[in-house]
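Remarks on the structure that follows.
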Amino acid sequence: MILSELNIVKMMEKVNRTFISVTGHSISFMDSEGRSVLPFNLNIFSEFCKYVINSEKGGPKCMECNKMIGSDSEDLSPRISQCYMGLTIITIPIVISGKCNYSITCGQMLMAGEEEEFFQELRFKASELDLDRKKLISFGRRVKVVAANFF
88 MILSELNIVK MMEKVNRTFI SVTGHSISFM DSEGRSVLPF NLNIFSEFCK
138 YVINSEKGGP KCMECNKMIG SDSEDLSPRI SQCYMGLTII TIPIVISGKC
188 NYSITCGQML MAGEEEEFFQ ELRFKASELD LDRKKLISFG RRVKVVAANF
238 F
């Protein structure tokens, strides 16, 4: 069965709604260039990510990160990596007919044991991105921390 682009997008929308309602986490469907396939819904993002994405210098860093995630269309296996700010990102390629044109990403969490390094780096990132350090750290303290065996 060949799925049309419209059917693929409809399926993505349904999976997105279901995932959010079940887990409370946001997911994104990215194309091979790292662009969001569905409309970007910041309402379901963490305060930390909203603060960074909405900043003049932070938003482009997030887009660069998304592009790097999407550009690895040769690797068809799920992977765990970190975004520019140090949060964990899970990427699962969507393979159709042996080709990866899309991937699902889920992030906005911090792996247990990485908190100290994360908060040390935030001080530098705040300065680099012209963000209020106290506000960034405060939002960072609200990021969900997950155990390595969570996955």
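If you count the sequence shown from 1, position 76 lands on 163 in my numbering, and the numbers rise without skipping. A virtual CB, placed ideally from N, CA and C, is assigned to each residue, including glycine. If you're wondering where the values come from, they're calculated on a predicted model, not measured in any experiment.
Item: Distance CB(SER113)-CB(GLN207) smaller than 8 angstroms; Value: no
Item: Neighbourhood of ARG220 by C-beta, 8 angstroms cutoff - its chain only, sequence neighbours within 5 removed; Value: LEU209, ARG210, ALA213 and SER214
Item: Local conformation of GLY194 per DSSP, three classes; Value: strand
Item: Cβ-Cβ separation, TYR189 to MET117 (assumed contact under 8 angstroms), whole Å; Value: 7 angstroms
Item: Straight-line gap, GLY145 to LYS154 (C-alpha atoms, nearest Å); Value: 14 angstroms
Item: Through-space distance from GLU92 to ILE183, alpha-carbon basis; Value: 11 angstroms
Item: Exposed unless 16 or more other CB atoms sit within 10 angstroms - verdict on THR110; Value: exposed
Item: Short Cβ contact (8 angstroms threshold) for ILE179 with ILE191; Value: yes
Item: Those residues which DSSP pairs with PRO180 across a bridge; Value: SER190
Item: Of the listed residues ALA234, VAL232, ASN236 and LEU218, nearest to LYS137 (C-alpha basis); Value: LEU218
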